[in-house]
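These protein sequences, in sequence, are chains A and B.
Residue 4 in UniProt numbering is what sits at position 4 of the first sequence, and the numbering runs on without skipping anything.
Residue 82 in UniProt numbering is what sits at position 82 of the second sequence, and the numbering runs on without skipping anything.
Worksheet: one structure, shown below.
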Amino acid sequence: MKILIVDDFSTMRRIIKNLLRDLGFTNTVEADDGTTALPILQAGTIDFLVTDWNMPGMTGIELLRAVRADEKLKSIPVLMVTAEAKRDQIIAAAQAGVNGYVVKPFTAVALKEKIEKIFERIDAAK
Amino acid sequence: MSKILGSGLGDFENLVKDGAVELLNYIEVGDFSGAIKKIQELSEARHNSFYNEVGFLTRSLHDAIRDFQVDSMDLVVGEGGSESVTKITDASDRLNYVIETTSAAANKTMDMVDSSVPVASELQSQARELRKDWSRLIQRDLTPQEFRDLYKRIDVFLSYADDSATTLHSNLNTILLEQGYQDLTGQVIARVNDLIRDVEEKLVHLVAVAGRVDSISGIEHKEKESEHDDTRGHGPAINKQNNPEVLNSQDEVDDLLSSLGF
Numbered sequence: 001m002k003i004l005i006v007d008d009f010s011t012m013r014r015i016i017k018n019l020l021r022d023l024g025f026t027n028t029v030e031a032d033d034g035t036t037a038l039p040i041l042q043a044g045t046i047d048f049l050v051t052d053w054n055m056p057g058m059t060g061i062e063l064l065r066a067v068r069a070d071e072k073l074k075s076i077p078v079l080m081v082t083a084e085a086k087r088d089q090i091i092a093a094a095q096a097g098v099n100g101y102v103v104k105p106f107t108a109v110a111l112k113e114k115i116e117k118i119f120e121r122i123d124a125a126k
Numbered sequence: 001m002s003k004i005l006g007s008g009l010g011d012f013e014n015l016v017k018d019g020a021v022e023l024l025n026y027i028e029v030g031d032f033s034g035a036i037k038k039i040q041e042l043s044e045a046r047h048n049s050f051y052n053e054v055g056f057l058t059r060s061l062h063d064a065i066r067d068f069q070v071d072s073m074d075l076v077v078g079e080g081g082s083e084s085v086t087k088i089t090d091a092s093d094r095l096n097y098v099i100e101t102t103s104a105a106a107n108k109t110m111d112m113v114d115s116s117v118p119v120a121s122e123l124q125s126q127a128r129e130l131r132k133d134w135s136r137l138i139q140r141d142l143t144p145q146e147f148r149d150l151y152k153r154i155d156v157f158l159s160y161a162d163d164s165a166t167t168l169h170s171n172l173n174t175i176l177l178e179q180g181y182q183d184l185t186g187q188v189i190a191r192v193n194d195l196i197r198d199v200e201e202k203l204v205h206l207v208a209v210a211g212r213v214d215s216i217s218g219i220e221h222k223e224k225e226s227e228h229d230d231t232r233g234h235g236p237a238i239n240k241q242n243n244p245e246v247l248n249s250q251d252e253v254d255d256l257l258s259s260l261g262f
């Protein structure tokens with residue numbers, strides 16, 4: 001299981017990386033916005049995407065839409081971890097096909113819960 | 001207000017009032033050349049008062065910009081001793097300093113956590129191992145050789161526990177000291193905040209004068225409502241309790257998503 005973490009702040013990437021490691025996901029890669037994330041995704045080894053919303057260049061919602069529009073990438077589960085908490089934005093993310101939405105500041109428990117829920121759904125759909 | 005803005009426009013209004021009376025008088029007595037002269041005078045006065053006002057505003061703006069750069073802002077930031085001392089000279093640099101300082105503190109804190117977690121894990125796993133054999137000792141279930149072994153292991157463990165506690169203690173202290181960034185960045189942000197308030201005050205004057213100019217010259221502006229694009233993001237919501245559009249917690253987000261069939 002290889003996870004791509006996309007956030008423009010290196011400290012936040014590090015926090016998420018450490019929390020994922022505690023959950024047993026040790027294979028992670030990082031990108032600092034959608035523009036740098038897309039080529040990594042297109043290289044085809046990523047199984048799970050964790051992305052922020054508000055980033056310079058390509059934002060998280062744009063990245064999500066790009067992933068869903070790409071025939072090869074569209075089934076990758078996407079978890080959004082972001083400070084964006086407007087009702088309309090969460091609805092927009094849901095419509096764009098997000099698999100989970102965690103608002104910052106978040107707890108380790110919340111992150112774990114959402115990730116587990118996403119995998120449960122994927123397993124149930126199999 | 002007109003005192004703050006310079007007296008030009010207030011004087012001009014009085015001049016127009018008085019001039020209008022004189023103008024009427026000229027017309028009533030049939031002195032049209034006098035009337036036209038009065039109109040010219042008023043027109044010139046209008047220009048003059050606008051020039052004065054523009055001059056005053058330019059000076060205010062200039063002062064505001066100058067204050068922006070100088071205004072008691074020479075905070076000295078020392079990094080790594082006295083050799084590399086930098087002077088932060090503008091607000092943008094100050095805010096970059098905040099980003100760098102908070103980032104350095106966050107990383108230092110995470111370094112300490114990263115170096116503490118294995119120590120705590122090792123302590124835990126050694127203690128668990130010993131506990132197993134210790135309970136066998138209590139139940140008198142150990143061979144003499146195992147007992148001698150345990151005897152030595154306890155000694156090694158105690159010394160490891162002592163060292164580990166020292167390491168953890170020192171790491172926690174480093175984490176504690178790192179929180180000093182809040183004081184440093186708080187001071188910088190407070191100063192930048194003062195600056196913004198100062199500039200805002202001056203801009204409000206500018207807008208007030210512009211409004212008076214508009215009202216006298218009869219110019220109307222269409223107000224454009226600029227709506228922020230959700231796609232670009234808004235950043236963390238401040239005062240979210242007062243904004244019905246912003247959700248307050250992960251629970252509210254979960255409720256909304258489940259109402260959408262998630």
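The beta carbon of each residue, even a glycine, is placed where N, CA and C say it ideally should be.
For residue j and residue i, the rounded distance between their alpha carbons
i: A:L38; j: B:Y97; result: 31 Å
i: A:L111; j: A:V102; result: 7 Å
i: B:S49; j: B:G19; result: 15 Å
i: B:E178; j: B:D114; result: 15 Å
i: B:Q139; j: B:Y160; result: 26 Å
i: B:E44; j: B:E220; result: 23 Å
i: B:D11; j: B:L195; result: 32 Å
i: A:E113; j: B:L256; result: 17 Å
i: B:L137; j: B:N171; result: 35 Å
i: B:V21; j: B:S33; result: 16 Å
i: B:G80; j: B:L95; result: In this predicted model, B:G80 has a pLDDT of only 44, less than 50, meaning its place in the structure is not dependable enough to derive any value.
i: A:T45; j: A:K72; result: 11 Å
i: B:M112; j: B:E53; result: 60 Å
i: B:N25; j: B:N242; result: 60 Å
i: B:E245; j: B:G180; result: 35 Å
Buried or exposed by the 16-neighbour rule on C-beta atoms within 10 Å, applied to residue i
i: A:E84; result: buried
i: B:Q250; result: buried
i: A:F119; result: exposed
i: A:T51; result: buried
i: B:T185; result: buried
i: A:L19; result: buried
i: A:M55; result: buried
i: A:T59; result: buried
i: B:V248; result: Correcting the residue type first, residue 248 of chain B is Asn in the shown sequence and not Val. Counting Cβ neighbours within 10 Å, B:N248 comes out exposed, since fewer than 16 surround it.
i: A:N99; result: buried
i: B:Y151; result: exposed
i: A:F48; result: buried
i: B:H205; result: buried
i: A:I115; result: buried
i: A:R13; result: buried
According to DSSP, residues forming a beta bridge with residue i
i: A:G100; result: A:L79
i: A:K86; result: B:V246
i: A:L4; result: A:V29 and A:L49
Closer than 7 Å at the beta carbon, the chain E residues around residue i
i: B:A106; result: As a matter of chain content, chain E is missing from the structure shown, whose protein chains are A and B.
### Task
For the segment 80 to 100 of chain A, enumerate the residues whose C-beta is nearer than 8 Å to any C-beta of chain B, in chain order.
T82, A83, E84, A85, K86, R87, D88, Q89, I90, I91, A92 and A94
### Message
Counting beta carbon pairs with one atom in the segment 20 to 37 of chain A and one in the segment 75 to 94 of chain A, are three or more of them shorter than 8 Å?
### Response
no
### Message
Taking 8 Å as the cut-off, does the segment 189 to 198 of chain B touch the segment 101 to 119 of chain B (at least 3 CB pairs, one atom from each stretch)?
### Response
no
### Message
Short of 9 Å Cβ to Cβ, which residues in the segment 227 to 245 of chain B face chain A?
### Response
Flagged, chain order: D230, T231, R232, G233, H234, G235, P236, A237, K240, N243, P244 and E245.
### Query
Can at least three beta-carbon pairs, one atom from the segment 167 to 182 of chain B and one from the segment 129 to 136 of chain B, be found at a separation below 8 Å?
no
### Query
According to a CB-to-CB cut-off of less than 9 Å, which residues of the segment 247 to 259 of chain B neighbour chain A?
L247, N248, S249, Q250, E252, V253, D254, L256 and L257
### Task
Would you check if the segment 64 to 78 of chain A and the segment 232 to 244 of chain B touch, i.e. whether three or more CB-CB distances between them fall below 8 Å?
no
### Query
Any residues in the segment 131 to 159 of chain B with a beta carbon nearer than 8 Å to a beta carbon of chain A? Which ones, in chain order?
none
#### Entry: Short-range partners of chain B found in the segment 50 to 76 of chain A, where Cβ spacing is below 7 Å
W53, N54, T59, I61 and E62
### Message
Any C-beta of chain B within less than 8 Å: which residues of the segment 34 to 51 of chain A qualify?
### Response
Contact residues of the segment 34 to 51 of chain A toward chain B are absent (C-beta to C-beta distance below 8 Å).
### Task
Determine which residues of the segment 21 to 34 of chain A have a Cβ less than 7 Å from any Cβ of chain B, and write them out in chain order.
Those would be none; no residue qualifies.
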